[in-house]
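Just so you know, this note's numbering puts the end of the sequence shown at 775, numbered straight through with nothing missing. What follows is one structure encoded as structure tokens, with my remarks underneath.
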Amino acid sequence: MGACYRSESITALSSLGGDIRWLSVTSVLGGALPVSRFFTGGIMSEIESSTEAHYTRGDLGQSILTALKRMGKDLDALKPEDLAPVDEFHIRGREATLELAALCHLNSGQRVLDVGCGLGGSARYLAATFGCRVTGLDLTKAYVETAAMLSERVGLAEKVEFHQGSALDMPFADGAFDLVWTEHAQMNIADKRRLYGEIFRVLKPGGRFVFHDILQGAGGEPHFPAPWAKVPSYSALIAPGDLRALLESLGYSVQAWQDKTAAGREWFQARVAVLREKGPPLLGFHTLLGADAMRILENNLRNLQENRIA
């Protein structure tokens, strides 16, 4: 978990898909998150297609609404808190989102980009809490469509918008956002330099980047299937030290860097223990992970316990 800024009067070289672009910035705060072009018939790469397929679960929106109805919720009067069981698809859930938000210094006049937004839980939280305008991007069409539907049902459609996109060719002007935000979003993206270089571009002078991510641990390769990939060939984790060095090489000035691995391990262990004892609830992580959910969650707990992820 961290917050990064660009240092004053930096000139940074970054390689963007074969192009070499010089980025000259003055007193800018920087960021890193995957976002990309809108899909209007564009072609996904093989890894992007496989990643989208990994996260796609049939009619996800209807599955969530059906579960909510079975839980006794009024579908015509849903509140953001009703979506809590499925809203935060990352380790430590809302607790981690609150900690990350504390690094943001947000206000109602700012524009935020949430890349890898999933079902839009963090985007809705930021919009509802701080009054800012949030744009969410995700590679998975089912997530984007469900995020928009849920946001409308809880009355936040005017504050958030969602788009499907790849991570490496963003359709945004230079300096378009005050804040870039990401939670568990870069694990399938191998070209980190291109990713972080492209994000470098979209923050305005004075902007900020915050992240909460799964990184490579010192204990060896993760066990698969994992929440972000079924097989190793679709995983692209980076070690914490390598990520920090990359960000600094691109001109980012790191203002906060907090290792939350121990807290994540405890949180995940408690959640898996409940699932072992009581089975899955009507709505939860398993809704997004599919039929193999328990195996995936058990593997991720082992990854945390064996220091295979950090």
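Glycine included, every Cβ here is placed at the ideal spot set by N, Cα and C. Everything numeric in this text was worked out from a predicted model, so none of it was measured.
Beta-bridge pairing of residue i - partner residues as DSSP gives them
i, result
"Leu668", "Phe642"
"Arg598", "Arg576"
"His751", "Paired residues: none, contrary to the question."
"Asp603", "Gln629"
"Ile529", "Ile529 is not bridged to any residue."
"Ala691", "Ala694"
"Gln681", "Ile774"
Beta-carbon proximity of residue i to residue j, cut-off 7 Å
i, j, result
"Arg760", "Pro687", "no"
"Gly586", "Asp603", "no"
"Leu769", "Val737", "no"
"Arg593", "Val599", "Going by the sequence as given, residue 593 is Ala instead of Arg. No, Cβ-Cβ distance for Ala593 and Val599 is not below 7 Å."
"His649", "His751", "no"
"Tyr661", "Leu615", "no"
"Leu525", "Thr611", "yes"
"Asn653", "Tyr608", "no"
"Phe627", "Val667", "no"
"Gln681", "Ile703", "yes"
"Ala683", "Val625", "no"
"Leu748", "Ala613", "no"
"Lys538", "Asp547", "yes"
"Pro705", "Ala775", "yes"
"Leu711", "Lys669", "no"
Where the beta strand (DSSP E) containing residue i begins and where it ends
i, result
"Tyr608", "Not the beta strand (DSSP E): Tyr608 falls in the alpha helix (DSSP H), residues 606 to 618."
For residue i, the first and last residue of its enclosing alpha helix (DSSP H)
i, result
"Trp732", "726 to 743"
"Ile654", "Taken as a continuous stretch (DSSP letters only), Ile654 belongs to no alpha helix (DSSP H), as it is neither H nor E."
"Val551", "549 to 552"
"Gln621", "The sequence shown places Leu at residue 621, not Gln. No alpha helix (DSSP H) holds Leu621; DSSP gives it neither H nor E."
"Asn772", "Per DSSP, Asn772 belongs to no alpha helix (DSSP H) and is neither H nor E."
"Leu563", "558 to 566"
Counted within 10 angstroms of its Cβ, other Cβ atoms place residue i as buried (16 or more) or exposed
i, result
"Gln651", "buried"
"Asp678", "buried"
"Leu633", "buried"
"Trp693", "buried"
"Leu494", "Any reading at Leu494 must be qualified, since the residue scores a pLDDT of 26, below 50, and its modelled position is unreliable; no value is offered."
"Ala497", "Because Ala497 carries a pLDDT of 30, less than 50, the predicted location of this residue cannot be relied on, and the following value inherits that uncertainty. That one is buried."
"Gln527", "exposed"
"Ser479", "Interpretation of Ser479 is limited by its pLDDT of 26, a score under 50 that renders its predicted location unreliable; no figure is taken from the coordinates."
"Met536", "exposed"
"Gly729", "buried"
"Asp579", "buried"
"Gly596", "exposed"
"Pro545", "buried"
"Ala727", "exposed"
"Pro690", "buried"
"Val577", "buried"
| query | Below 8 Å, can you find three or more Cβ-Cβ pairs linking the stretch 610 to 623 to the stretch 671 to 684? | reply | no
| Should the stretch 628 to 646 be called in touch with the stretch 542 to 559, which here means at least 3 C-beta pairs below 8 Å? | no
| message | Would the stretch 567 to 582 count as touching the stretch 739 to 750 if we require 3 or more Cβ pairs under 8 Å? | response | no
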